[in-house]
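The opening position of the sequence shown corresponds to residue 1 in my numbering, with each subsequent residue numbered one higher.
Just so it is clear, CB atoms sit at the ideal spot from N, CA and C, and this is done for glycine as well.
Notes for the one structure printed next.
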Amino acid sequence: MNVRSVAVDRVVDRFPAVRRVWTARAVGHRLLPLAIPLIVLIAWQCAASLRLLPVQILPPPLLVATTAIDLIRGGEIVDGLRVSLWRIGVGFAIGAGGGLVFGALLGLSRTVEAYCGLTFRLLAQIPSLGWLPILLLIFGLDETLKFVLIAKASFVPTVIATSESVKQIPTPFREVARVLQLPARSYLRRLVLPATIPDIFVGLRTALSHAWIALIVVEMLAATEGVGYTMVWGRTLFQIDIVIIGMAVIGLIGLVMDTGLARIEQRLQHWEARP
């Protein structure tokens, strides 16, 4: 705790009025991220009340909330979310795990870079959904199709982030490690991981976002269950409230997963900082 923090704490403790103002500012700062969603909700309610669009196109927030409760009670949202989370978990584990290994090899080995670098960069330019027609012919609508697309979507960003972060380790650091003949474990823990964890997790968070998007799209195009399929089901029934609920679920779950990865990164960096 620095001198400024101590001084502020003493002033806040001594003067109740200052304490109230300070507390109000702290609460306001925490609620600030909710300002834009609240504005959107108010604008949405006003537009629905004024009937700027038909109810079939722009249902009021209360109707959407009621439908959400019904879907949760009926199990449609929970069951679809369970399927989607299973798919994203398996596919991301395969793609990101393989991406970490292959990215490290690209960054550490000139031989691997010489043989595989150009081919990887070429295939990386093809969007994940660009593989969908071929994969549909190979796997049909089987779960393997979803796993492969999710793995591909998460593989490329992970490889790029890992390989580039490994390549950017300063050469003098590597030379010192070589002179000291550090064991492989110490080399990884003391040099490679501290230097690469921030960039790798940026790649992992990007990869997870790409994988989540790919999953939702493939569920909308080639699935019979999942959050994406629930949105298609709502559109087929001309119930836009179900589509809006699906969009909200997608956004919230994506935010939770991204926040989870950010927390894991913070914990790893704290662990690496220990002597």
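8 Å contact criterion, which residue i and residue j should meet: CB distance rounded
i      : j      : result
Phe155 : Gly95  : 4 Å
Ile250 : Ile216 : 6 Å
Ala223 : Leu141 : 7 Å
Ile278 : Glu113 : Nothing about residue 278 can be reported from this structure: the residues present for the chain run from 1 to 275 only.
Lys167 : Gly107 : 5 Å
Leu81  : Ala214 : Not a contact, Cβ separation roughly 17 Å.
Ala248 : Ile88  : Not really, about 17 Å apart at Cβ, beyond 8 Å.
Contact set for residue i: own chain, Cβ-Cβ below 8 Å, skip 5 residues either direction
i      : result
Ile57  : Ile240
Leu53  : Ala47
Phe238 : Gln56
Arg267 : none
Close Cβ partners of residue i (< 6 Å) along its chain, the five nearest in sequence each way excluded
i      : result
Ala262 : none
Ile242 : Gly234
Asp258 : Arg205
Glu219 : Gly226, Gly228, Tyr229
Ala151 : Gly91, Ile94, Gly95
Of the listed residues the options, nearest to residue i (C-alpha basis)
i      : options                        : result
Ser84  : Glu143, Leu191, Val112         : Glu143
Val101 : Gly203, Gly117, Val159, Val55  : Val159
Val78  : Thr206, Lys167, Tyr229, Leu63  : Tyr229
Gln269 : Leu118, Ala151, Gly98, Pro194  : Pro194
Asp199 : Arg178, Leu221, Ile169, Ile213 : Ile169
Ala207 : Gly99, Ala222, Thr236          : Gly99
Cys204 : Trp131, Leu123, Gly260, Thr111 : The question names Cys, yet the displayed sequence has Leu at residue 204. The shortest C-alpha separation from Leu204 is found at Gly260.
Ala93  : Val179, Ala153, Gln266, Thr67  : Ala153
Ala161 : Ala104, Arg178, Ala114         : Ala104
Ser109 : Glu164, Leu34, Ala43, Asp70    : Glu164
Leu255 : Arg267, Ala214, Ser209, Ile42  : Ser209
Leu63  : Ser49, Leu221, Glu76           : Ser49
Pro157 : Val232, Pro127, Leu191         : Pro127
Phe201 : Gly97, Asp70, Pro33            : Gly97
Leu252 : Arg30, Pro37, Leu31, Leu32     : Pro37
Own chain partners of residue i with C-beta closer than 7 Å, once the 5 adjacent residues on each side are dropped
i      : result
Gln45  : Pro60, Pro61
Leu135 : Leu145, Val148, Leu149
Ala124 : Val156
Contact with chain B by residue i, beta-carbon distance below 8 Å
i      : result
Thr144 : Of the protein chains in this structure there is only one, and it is not chain B.
> Curious, which full-length beta strand (DSSP E) runs of at least 3 residues does the region 162-242 contain?
Replying inline: Taking only runs of at least 3 residues, no beta strand (DSSP E) segment lies wholly in the region 162-242.
> Could you give the uninterrupted runs of the alpha helix (DSSP H) lying entirely in the region 87-153, keeping only those of 4 residues or more?
Replying inline: Taking 4 residues as the shortest admissible run, the region 87-153 contains the following complete alpha helix (DSSP H) segments, listed from N- to C-terminal end: 110-124, 132-139.
>> Restricting to runs no shorter than 4 residues, where is the alpha helix (DSSP H) found entirely within the region 45-84?
In response: If one requires a minimum length of 4 residues, the alpha helix (DSSP H) runs lying completely within the region 45-84 are 61-74, in chain order.
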